[in-house]
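Okay, so here's the structure we're looking at.
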Amino acid sequence: MKILVTGAAGFIGFHLSKKLLARGDEVIGLDNLNDYYDVSLKEARLARLKDQAGFKFYRMDLADREGIARLFAAERLQRVVNLAAQAGVRYSIENPHAYVETNLVGFTNILEGCRHHGVEHLVYASSSSVYGANTRMPFSVHHNVDHPLSLYAATKKANELMAHTYSSLFGLPTTGLRFFTVYGPWGRPDMALFLFTRNILADEPINVFNHGRHQRDFTYVDDIVEGVVRVLDRIPEPNLSWSGDQPDPASSSAPYRLYNIGNNRPVELLRYIELLENRLGKKAKKNFLPLQPGDVPNSWADVEDLARDVGFSPSTPVEEGVARFVDWYLQFYNSNASSFYNP
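If you read the sequence shown in this note's numbering, its first letter stands for residue 51, the second for the next number, and so on.
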C-alpha cells in the first residue's frame with residue numbers, strides 16, 4: 051500500500067515507517083523537524099529511513115494548509131497514519147498556541163486531505179492523557195473522558211471528536227489510538243527514561259515527581275508499532291448495535307473506533323528507575339518532588355478491545371525494554387560511561 055506517515059522523523063513514526071517498509075509498503079514520510087527536542091536525533095532517524103527503498107520524504111508543517119492539500123493531490127494515498135503532534139503535557143502549560151496549530155489546525159488539514167482524496171482509512175495518535183481526572187482502573191475506551199488535566203490532553207480528545215465528525219458526515223473510516231507511556235530505542239529526549247539515563251551517566255541528579263510513587267503503563271515501542279500496523283489493516287465499520295440512548299464512546303454508527311495500546315502492567319516509577327540503575331550499574335541521585343500540574347497519578351490500559359479485534363496485546367516486559375533502551379543509548383551516543391554498563 052501507499053501510506054502517509056506524519057511525524058516520520060519522530061520516535062514512533064520512525065519505528066512505524068521501518069516496519070511498513072520492511073513488509074513492502076510504500077511510505078510517504080512527513081515531518082517539520084521542529085526543535086522541540088534535539089533536531090540531530092530526528093535527522094539521524096530520517097537518514098536511516100532515506101536509505102531504504104520505497105521511502106519518500108516531505109519536510110512540511112501540518113498547519114501548512116496549501117502544502118498538505120498539494121501533497122494529498124500529488125501522492126494518491128491509500129491510508130494515513132497521523133503521528134505528528136506537538137507533544138508534552140508540561141510544555142502545553144507554557145506554550146498553548148503550539149498545540150492549537152499542530153494538534154487542531156494540522157489535524158483538520160489531514161482530515162480534509164483524507165476526505166477529498168478517497169483515503170481508505172485514517173489512523174491517528176491519541177493519548178492516555180485523555181483519561182485526565184478519571185480514577186477508575188484500568189482505563190477503558192468505554193469510559194467517559196470529559197475531564198482532561200492539560201491542554202495537550204484536551205487537543206487529543208478534540209482529535210477524537212473531530213475524527214468522529216468526519217466519519218459520520220463523510221463516511222471516512224477513522225481509528226484513534228490512545229498510547230500509554232511509550233519508551234524504547236530512539237526515544238524522545240524529553241521523556242523520563244532518556245532524561246534519567248543521561249543524568250545518571252553524567253552523575254547528575256534526576257527529578258522524581260510524586261516522590262516516585264505514581265504508576266505508569268510503560269509500553270515498549272515495538273508493541274506500539276505492532277498494534278498500529280494491525281489496526282491500520284483493519285478498516286472500521288459502523289457498529290450496528292450502537293445506540294444514542296446509551297452511547298458507547300469507543301465506537302459509533304459511523305465507521306469509527308478507539309483503542310488503547312498499553313502494556314496492561316502498570317509499574318511504579320521507583321521500580322522503573324531501579325531497573326535502569328541495575329542495567330547501568332550505577333545508582334541515581336534522586337531529587338524527590340511533588341506531582342506536577344497536568345500529570346495524572348496513575349495509568350493502566352484496558353486492552354481487551356484491541357486483543358479482541360486485531361488479535362494483539364503488548365507483551366514486552368519492562369525489564370527487557372529498559373535493557374534494550376540502555377544498549378541503544380550507549381551505542382548511539384558512544385558514551386564514555388560504558389564502564390558503568392553491566393550487560
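Just so you know, even glycine gets a beta-carbon here, dropped at the ideal spot from N, CA and C.
Query: Taking the beta carbon of V89 as the centre, do at least 16 other beta carbons fall within 10 Å, making it buried, or is it exposed?; Result: exposed
Query: Can you name the start and end residues of the beta strand (DSSP E) that L424 belongs to?; Result: Coverage of the chain is limited to positions 51 through 393, which leaves residue 424 absent and any answer about it impossible.
Query: Between V180 and R228, how many whole angstroms is the CB-CB distance? I'm expecting something under 8 Å.; Result: 6 Å
Query: DSSP state of D81, grouped into three classes?; Result: strand
Query: What number of angstroms, rounded off, separates the C-alpha of G63 from the C-alpha of V271?; Result: 10 Å
Query: For a quick check, are the C-beta atoms of L356 and S365 less than 9 Å apart?; Result: no
Query: Write down every uninterrupted run of the beta strand (DSSP E) in the region 325-367 whose length is 3 residues or greater and which is fully enclosed by it, in chain order.; Result: 336-339
Query: Taking DSSP's pairing of strands, which residues face Y233 in a bridge?; Result: Y270
Query: Count the CB pairs spanning the region 244-251 and the region 191-209 that are closer than 8 Å, and state whether there are at least three.; Result: no
Query: Taking P297 and H192 to be in contact with their CB atoms under 8 Å, please state how far apart those CB atoms are, rounded to whole angstroms.; Result: About 10 Å separates the two Cβ atoms, so there is no contact after all.
Query: Once DSSP output is grouped into helix, strand and coil, what is the label at I311?; Result: strand
Query: Does the beta-carbon of K100 have 16 or more other beta-carbons within 10 angstroms, so that it is buried, or is it exposed?; Result: exposed
Query: Could you pull out every unbroken alpha helix (DSSP H) segment of at least 4 residues lying fully inside the region 200-250, listed in chain order?; Result: 201-220
Query: Going by DSSP, what residues sit across from A175 in a beta bridge?; Result: L227
Query: By the three-class DSSP mapping on this structure, what secondary structure does N153 have?; Result: helix
Query: R129 and V169 look like a contact to me (Cβ under 8 Å); what is the Cβ gap, rounded to whole Å?; Result: 6 Å
Query: Flag this pair as yes or no: are the beta carbons of N20 and D352 separated by less than 9 Å?; Result: No statement about residue 20 is possible, as the shown extent of the chain runs from 51 to 393 and does not include it.
Query: Rounded to the nearest angstrom, what separates G371 and P235 at their Cα positions?; Result: 9 Å
Query: Of the choices P223, I143 and S190, whose alpha-carbon is the least far from that of A203?; Result: I143
Query: Using the beta-carbon count (16 or more within 10 Å), is R109 buried or exposed?; Result: exposed
Query: Decide if the region 156-174 is in contact with the region 321-341; the criterion is three or more beta carbon pairs, one per stretch, under 8 Å apart.; Result: no
Query: Sort V376, S302 and S67 by Cα distance to F107 and report the nearest one.; Result: S67
Query: For the alpha helix (DSSP H) that contains L54, what are its first and last residues?; Result: Where L54 is concerned, there is no enclosing alpha helix (DSSP H), although the beta strand (DSSP E) it sits in stretches over K52 to T56.
Query: Just the C-alpha distance for N184 and A137, rounded to the nearest angstrom, thanks.; Result: 21 Å
Query: Are the beta-carbon atoms belonging to N257 and P347 less than 9 Å from one another?; Result: no
Query: How far does the beta strand (DSSP E) with Y108 in it reach, from first residue to last?; Result: F105 to R109
Query: What separation, rounded to the nearest whole angstrom, lies between the Cα atoms of L80 and V55?; Result: 6 Å
Query: With DSSP as the reference, identify every bridge partner of I256, one or two as the case may be.; Result: K336
Query: Would a C-beta distance cut-off of 9 Å place I285 and P305 closer than the cut-off?; Result: yes
Query: Would you identify the three-state DSSP class for I62, choosing helix, strand or coil?; Result: helix
Query: Which of the three DSSP states, helix, strand or coil, is assigned to N132?; Result: strand
Query: Measuring only the C-alpha atoms, how far is P188 from E354?; Result: 11 Å
Query: Which two residues bound the contiguous alpha helix (DSSP H) that contains L91?; Result: V89 to K100
Query: In three-state DSSP terms, what is L265?; Result: A quick correction: the sequence has Gln, not Leu, at residue 265. Reduced to three states, the DSSP call for Q265 is strand.
Query: Mind checking who Y322 pairs with in its DSSP beta bridge?; Result: Paired residue(s): none; Y322 is not in a bridge.
Query: Starting from F189, follow its DSSP beta bridges and name the residues at the other end.; Result: A351
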